[in-house]
Amino acid sequence: AQKVTQAQTEISVVEKEDVTLDCVYETRDTTYYLFWYKQPPSGELVFLIRRNSFDEQNEISGRYSWNFQKSTSSFNFTITASQVVDSAVYFCALSADQPNQGGKLIFGQGTELSVKP
Amino acid sequence: SAVISQKPSRDICQRGTSLTIQCQVDSQVTMMFWYRQQPGQSLTLIATANQGSEATYESGFVIDKFPISRPNLTFSTLTVSNMSPEDSSIYLCSVRRGSGSSYNEQFFGPGTRLTVL
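Listed in order, the protein sequences are those of chains A and B. Counting from 1, one number per residue, gives the positions in the first sequence under this note's numbering. Counting from 1001, one number per residue, gives the positions in the second sequence under this note's numbering.
Given below as structure tokens:
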């Protein structure tokens, strides 16, 4: 069975603080994909990143960085120097690359990030 | 990325009625999906909309309640039938481009906010 756990339900930080959102996943598949999405108050789901299971390189995009560690089944997301506009619900998701499951995303419960000025 | 539009963006409906939600993509896509997000919850896959055949439903979702059409590679509809207040949710259309390990981007439409009175 596949499962994604985001243990942090809510996080509150002050602007310019760094914040890390945790994501732990479970899967028996050897090939899989991990995603992060941002859902601002408007409700739209914004794609942030996709990571393949065979690529453990960490990635940095501006103030965002992702740490993928297969040994601990984690795919954590760090926002550096947070801003008020980062306030949103962030979802981690998992997808298996099986023909009969292709594209189905299993979502974590989400972490609501509040960045205060 | 894919440009995905949904209609309507929101609606308030009476118990017992049905609502059809449309999803239009700016280019042909292999796979289209319908997700539900209940208030304060994560996203759950309802079904995969297959072009030229019946949709594939996830456990807990049935065709009589959520009939889906996929007449071509850029369009799909989801109907929420015989609605009850428990159906109040955001319904999101999602698309996946291509197939195989080199192509697993998955994007979401803006969502349809449904309130059932």
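Here a beta-carbon is modelled for each residue, glycine too, at the ideal position from N, C-alpha and C.
Would B/V1025 pass as a contact of B/A1002 if the rule is Cβ separation under 8 Å?
-> Indexing the second sequence from 1 puts residue 1025 of chain B at position 25. Indexing the second sequence from 1 puts residue 1002 of chain B at position 2. At a Cβ-Cβ threshold of 8 Å, B/V1025 and B/A1002 count as neighbours.
How is A/K16 classed by DSSP in three states: helix, strand or coil?
-> Translated into the one-based positions of the first sequence, residue 16 of chain A becomes position 16. DSSP, reduced to helix, strand and coil, places A/K16 outside both helices and strands of the structure shown, so it counts as coil.
Leaving out five residues on either side along the sequence, give the residues of the same chain with a beta carbon under 7 Å from the beta carbon of A/V84.
-> For the purposes of this step, residue 84 of chain A is taken as the residue at position 84 of the first sequence. Within the same chain, Cβ atoms closer than 7 Å to the Cβ of A/V84 are found at E15, V115 and P117, the five residues on either side in sequence being excluded.
Which of helix, strand or coil DSSP assigns to B/V1116 = Position 116 of the second sequence holds residue 1116 of chain B. In the three-state DSSP reduction, B/V1116 falls in the strand class (E or B).
Does B/S1060 get closer than 8 Å to chain A when you measure Cβ to Cβ?
-> Along the second sequence, one-based indexing puts residue 1060 of chain B at 60. In the sequence on display, residue 1060 of chain B carries Gly and not Ser. So, not an interface residue.
Where A/G110 meets chain B, residues with beta-carbon distance less than 7 Å = Working through the first sequence from its first residue, we reach residue 110 of chain A at position 110. Those are S1042, listed as they occur along chain B.
Please go through the segment 1031-1109 of chain B and give each complete beta strand (DSSP E) segment of 3 or more residues, from N-terminal end onward.
-> Here the runs fully enclosed are 1031-1037, 1043-1049, 1068-1072, 1075-1080, 1089-1096 and 1106-1108.
Distance, A/F47 Cα to A/C23 Cα | If you number the first sequence from 1, residue 23 of chain A lands on position 23. If you number the first sequence from 1, residue 47 of chain A lands on position 47. It is roughly 16 Å from the alpha-carbon of A/C23 to the alpha-carbon of A/F47.
Chain-ordered residues of the segment 43-75 of chain A with a beta carbon less than 9 Å from chain C = The displayed structure is made up of protein chains A and B, and chain C is not among them.
In angstroms with no decimal places, state the Cα-to-Cα distance between B/P1085 and A/G62.
-> Here residue 1085 of chain B refers to the residue found at position 85 when the second sequence is read from its first residue. Here residue 62 of chain A refers to the residue found at position 62 when the first sequence is read from its first residue. Between B/P1085 and A/G62, the C-alpha separation is close to 42 Å.
Just mark B/T1112 as buried or exposed, buried being the case when its beta carbon has 16 or more other beta carbons within 10 Å.
-> The count along the second sequence starts at 1 and reaches residue 1112 of chain B at position 112. Counting Cβ neighbours within 10 Å, B/T1112 comes out buried, since at least 16 surround it.
Going by other Cβ atoms of all chains shown within 10 Å of its Cβ, with 16 needed for buried, is B/S1102 buried or exposed?
-> Reading the second sequence from its first residue, position 102 is the one you call residue 1102 of chain B. Interpretation of B/S1102 is limited by its pLDDT of 48, a score under 50 that renders its predicted location unreliable; the figure taken from the coordinates is listed afterwards. Burial call: exposed.
Could you check the C-alpha separation between B/M1032 and B/Q1106 for me, to the nearest Å?
-> Taking the second sequence and counting its residues from 1, one reaches residue 1032 of chain B at position 32. Taking the second sequence and counting its residues from 1, one reaches residue 1106 of chain B at position 106. Roughly 9 Å separates the two Cα atoms.
Thinking A/S71 and A/L113 are a contact (beta carbons under 8 Å), I'd like their distance in whole angstroms, please.
-> Locating residue 71 of chain A in the first sequence gives position 71, counting from the first residue. Locating residue 113 of chain A in the first sequence gives position 113, counting from the first residue. Their Cβ separation, rounded to whole angstroms, is 26 Å, which puts A/S71 and A/L113 out of contact at 8 Å.
Do the CB positions of A/G108 and A/T31 come within less than 8 Å of each other?
-> For the purposes of this step, residue 108 of chain A is taken as residue 108 along the first sequence, with counting starting at 1. For the purposes of this step, residue 31 of chain A is taken as residue 31 along the first sequence, with counting starting at 1. No, the pair does not count as a contact, with Cβ atoms beyond the cut-off.
Cβ of A/K104 within 8 Å of any chain B Cβ = Here residue 104 of chain A refers to the residue found at position 104 when the first sequence is read from its first residue. So, interface residue.
Which residues share a DSSP beta bridge with A/A88?
-> Taking the first residue of the first sequence as 1, we reach residue 88 of chain A at position 88. DSSP lists A/L113 as partners of A/A88.
Measure from the alpha carbon of A/F54 to the alpha carbon of each residue in A/Q8, A/A96 and A/S42, then state which is nearest.
-> Stepping through the first sequence from its first residue, residue 54 of chain A is reached at position 54. Cα-wise, what sits closest to A/F54 is A/A96.
Buried or exposed for B/V1062, please, with buried defined as at least 16 other CB atoms from any protein chain shown within 10 angstroms of its CB.
-> Looking up residue 1062 of chain B in the second sequence gives position 62. In the assembly as shown, B/V1062 is an exposed residue. Its beta-carbon has fewer than 16 other beta-carbons within 10 Å.
Does the count of Cβ pairs from the segment 1006-1016 of chain B and the segment 1027-1042 of chain B closer than 8 Å reach three?
-> Three or more beta-carbon pairs separated by less than 8 Å are not found between the segment 1006-1016 of chain B and the segment 1027-1042 of chain B, which leaves the two stretches without contact.
Extent of the continuous beta strand (DSSP E) run through A/C23 = The sequence position of residue 23 of chain A within the first sequence is 23, counting from 1. Taken as a continuous stretch (DSSP letters only), A/C23 belongs to no beta strand (DSSP E), as it is neither H nor E.
Can you tell me which of A/Q57, A/I49 and A/A1 puts its alpha carbon nearest to the alpha carbon of A/R28?
-> Your numbering for residue 28 of chain A matches position 28 in the first sequence. Residue A/A1 is the option with its Cα nearest to A/R28.
Return yes when the Cβ of B/Q1014 is within less than 8 Å of the Cβ of B/L1078, no when it is not.
-> Walking along the second sequence from the start, residue 1078 of chain B turns up at place 78. Walking along the second sequence from the start, residue 1014 of chain B turns up at place 14. It is not a contact, given that the beta carbons lie outside the stated cut-off.
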